[in-house]
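Everything on this sheet refers to the single structure shown next.
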Amino acid sequence: MMPDLGKYAEAVLSSYAVSIALIIGLILFSTMRSKRVKKQLQEIEKKVKSNG
Amino acid sequence: MIALLIRDFRLAMRAGGGFGLGLAFFLIVVTLVPFGVGPQSALLATIAPGILWLGALLSCLLSLDRIFALDWEDGSLDLLATSPLPMEAIVTIKALAHWVTTGLPLVLAAPVFALLLNMPTAGYQPLVLSLLLGTPALSVIGTFGAALTVGLKRGGLLLSLLVLPLYVPTLIFGAEMARRGAEGFDTTTPLLMLAGITCGTIALLPFASAAVLRVNLR
Amino acid sequence: MNLNTLWAYANPKKFIQTTDRVLPWVAGLAALALVLGLIWGFFFTPEDYRQGSTVKIIYLHVPSALMAINAWMMMLVTSLVWIVRRHHVSALAARAAAPVGLVMTVIALITGAIWGQPMWGTWWAWDPRLTSFLILFLFYLGYIALWEAIENDDTAADLTSILCLVGSVFALLSRYAVNFWNQGLHQGASLSLDKEENVADVFWYPLLVCIAGFVLLFVALVLLRTRTEIRARRMRVLLARERMGA
């Protein structure tokens with residue numbers, strides 16, 4: 001299954017690894033922040049409604 | 001307008017600012033370079049134009065936050081904003097004052113520092129000319145950066161981060177012209193490009209700086 | 001004043017409603033195209049006779065470089081929309097796009113360095129395109145730092161939009177200055193539609209899929225992050241109002 005990358009295997013694999021790691025990191029960071037902010041906003045909106 | 005210019009000059013003198021500090025910094029940079037790269041005069045001669053340009057750029061950067069900071073703190077910037085002068089004029093005068101107090105001394109001192117770095121004599125005239133043409137652009141761009149960060153508490157570092165990328169084209173053409181001059185090549189192309197950048201920034205950037213300053217004073 | 005806030009409130013709400021429906025589709029398509037394109041590129045393309053297996057890096061390098069530039073373009077457009085129409089979502093979209101563009105620039109730089117090492121014999125050369133990307137990276141950093149530094153949302157939006165405009169002009173200038181300064185190692189355009197023959201078909205199709213994947217990924221991320229920014233902004237407004245009331 002694994003293609004033979006020859007003498008450049010290191011270069012190809014490392015660039016794929018680094019890029020995919022960065023992309024996944026960005027996605028994770030964005031979704032986590034999205035969820036956190038959403039939750040915080042809901043709490044605040046609830047509080048504001050009960051106050052007013 | 002002229003009154004404002006004179007007032008800015010006087011402030012720059014009195015606050016121990018412009019003149020002395022920028023020049024001293026320039027001298028220090030030029031002194032430190034041989035410690036960093038070694039005392040071989042041939043090597044120093046080849047990198048001299050670049051070092052002088054970088055030194056001039058950094059000493060320009062050093063004094064940028066003073067352009068608006070003092071006026072912001074004591075509220076005279078608000079007064080200026082409500083004065084009949086258009087904001088664009090105020091910004092231009094500020095840039096001019098900054099250039100006269102920091103840029104011009106650097107230009108005049110550059111040949112002396114070039115001597116220290118062993119630059120070939122053919123390079124003196126293009127070096128001075130390139131600095132004379134380029135430093136006004138540095139002041140105008142710097143004024144834009146200073147206007148962006150005027151209200152911020154610790155804007156100094158941010159100011160450098162914002163302004164330095166904007167300095168890239170000016171630095172490239174200025175240093176290129178000085179380098180070509182020192183090596184005895186034709187300097188027309190970088191000269192024209194540098195002049196173009198300077199004219200363009202002087203003509204257009206004050207509008208951006210004024211817009212930014214209005215937002216910050218809102 | 002009243003009308004203004006209403007208008008500003010109505011649109012973000014609609015934006016969130018719309019993206020609620022659109023976002024899963026875009027994200028799904030992005031994942032599909034990326035997985036398909038990268039697997040196709042990595043496992044099922046031949047080696048280039050000159051570059052060996054390093055040619056497979058193209059599936060990351062070219063799309064990320066494209067998106068790094070396109071992200072800045074998008075920020076420029078949304079900044080203009082903010083300046084002209086004062087549409088809050090627009091300013092927040094620019095803010096949301098900047099970190100994505102930054103990551104794309106980093107990917108392009110890193111893959112470029114890794115690719116350059118075996119091909120040009122050096123990790124880094126002051127080649128015009130590399131240098132331009134480094135400068136672009138600095139512009140992204142400055143832009144993001146300015147957003148973070150200013151507390152008032154509207155002021156920050158105004159200042160960053162103007163910085164984006166001015167920065168675009170200077171980025172373009174730098175590009176030409178750098179070209180003038182050093183002729184580079186890069187081959188000419190490997191990727192314009194009229195010059196398709198520059199890249200052989202076997203490499204070309206998976207590359208197109210990867211580009212589509214990166215574009216979709218960018219859109220999905222920007223939508224998601226814009227929603228976050230909208231909510232964060234609303235949160236700040238509510239908190240400020242509460243503090244005023246109390």
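Residue numbers (UniProt numbering), protein chains in the order written: chain A, 1 to 52; chain Y, 1 to 218; chain Z, 1 to 246. In this text, a Cβ means the ideal position worked out from N, Cα and C, and glycines have one as well. Since we're looking at a predicted model, the values are computed, not measured.
Element boundaries [alpha helix (DSSP H), containing residue i]
i	result
Z:F137	128-149
Z:H61	58-85
Y:G55	41-62
Z:F203	201-245
Y:S76	76-82
Z:V169	153-181
Y:R66	66-73
Y:V100	Unbroken run through Y:V100: none, as it is neither H nor E.
Z:A96	88-120
Y:S139	124-148
Y:E176	156-182
residue 261 of chain Y	Any property of residue 261 of chain Y remains undetermined from this structure, which presents chain Y solely from 1 to 218.
Whole-Å CB distance - residue i paired with residue j, under 8 Å assumed
i	j	result
A:S15	Z:I57	5 Å
Y:D71	Y:L77	4 Å
Z:S79	Z:M104	Going by Cβ atoms, the distance from Z:S79 to Z:M104 rounds to 18 Å, so no, they are not a contact pair.
Z:V222	Z:V106	With 8 Å as the limit, Z:V222 and Z:V106 do not qualify as a contact, their Cβ atoms being about 17 Å apart.
Z:C164	Z:Y143	6 Å
Y:V37	Y:G55	So it is not a contact: roughly 14 Å between Cβ atoms.
Y:L213	Y:A147	5 Å
Z:I162	Y:A210	Actually they are not in contact, since the Cβ atoms of Z:I162 and Y:A210 sit about 10 Å apart, beyond 8 Å.
A:V37	Z:M235	7 Å
Z:V77	Z:F15	Wrong, their Cβ atoms sit about 16 Å apart, outside the cutoff.
Z:T228	A:R33	6 Å
Y:A114	Y:F26	Between Y:F26 and Y:A114 the Cβ distance is about 12 Å, and since that is not below 8 Å, they are no contact.
Z:R207	Z:V62	Here residue 207 of chain Z is Leu; the residue named in the question, Arg, does not match the sequence. Going by Cβ atoms, the distance from Z:L207 to Z:V62 rounds to 6 Å, so yes, they are a contact pair.
Y:P169	Z:S174	5 Å
Short Cβ contact (7 Å threshold) for residue i with residue j
i	j	result
Y:G142	Y:V163	yes
Y:P105	Y:Y124	no
Z:A177	Y:I90	no
Z:A91	Z:A145	no
Z:T45	Z:V209	no
Y:D65	Y:G151	no
Y:A194	Y:L129	Looking at the sequence provided, one finds Leu at residue 194 of chain Y rather than Ala. Taking 7 Å as the Cβ cut-off, Y:L194 and Y:L129 do not qualify as a contacting pair.
Z:F133	Z:L109	yes
Y:G103	Y:T135	yes
A:V48	Z:L239	no
Z:A30	Z:T226	no
Z:G213	Z:L34	yes
Y:P165	Z:I211	no
Z:L159	Y:V215	yes
Y:L158	Z:A149	yes
Y:M177	Y:L192	no
Y:W53	Y:G174	yes
A:S19	Z:T111	yes
Y:L205	Y:A81	no
Y:A208	Z:V166	yes
Any non-hydrogen atom of the ligand FMN closer than 6 Å to residue i Cβ
i	result
Y:G145	The ligand FMN is not among the ligands present in this structure, which contains no ligands whatsoever.
**Request:** Report yes or no: do three or more beta-carbon pairs, one from the stretch 14-27 of chain Z and one from the stretch 217-230 of chain Z, lie closer than 8 Å?
**Result:** With a cut-off of 8 Å, the stretch 217-230 of chain Z and the stretch 14-27 of chain Z count as touching, because enough Cβ pairs lie within range.
**Message:** Could you check whether the stretch 113-121 of chain Y touches the stretch 42-60 of chain Y, counting it as contact only if at least three pairs of C-beta atoms, one from each stretch, sit closer than 8 Å?
**Reply:** Yes, they touch.
**Asked** Are three or more beta carbon pairs between the stretch 84-101 of chain Y and the stretch 129-139 of chain Y nearer than 8 Å?
**Response** Yes, the stretch 84-101 of chain Y touches the stretch 129-139 of chain Y.
**Request:** Count the CB pairs spanning the stretch 36-45 of chain A and the stretch 118-127 of chain Z that are closer than 8 Å, and state whether there are at least three.
**Result:** The answer is no - the stretch 118-127 of chain Z does not touch the stretch 36-45 of chain A, with fewer than three Cβ pairs under 8 Å.
**Message:** Taking beta-carbon pairs under 9 Å, can you tell me which members of the stretch 14-28 of chain A lie near chain C?
**Reply:** Among the chains of the structure shown, chain C does not appear; the protein chains present are A, Y and Z.
**Request:** Inspect the CB distances between the stretch 79-89 of chain Z and the stretch 33-45 of chain Z and report whether three or more fall short of 8 Å.
**Result:** No: fewer than three Cβ pairs fall under 8 Å.
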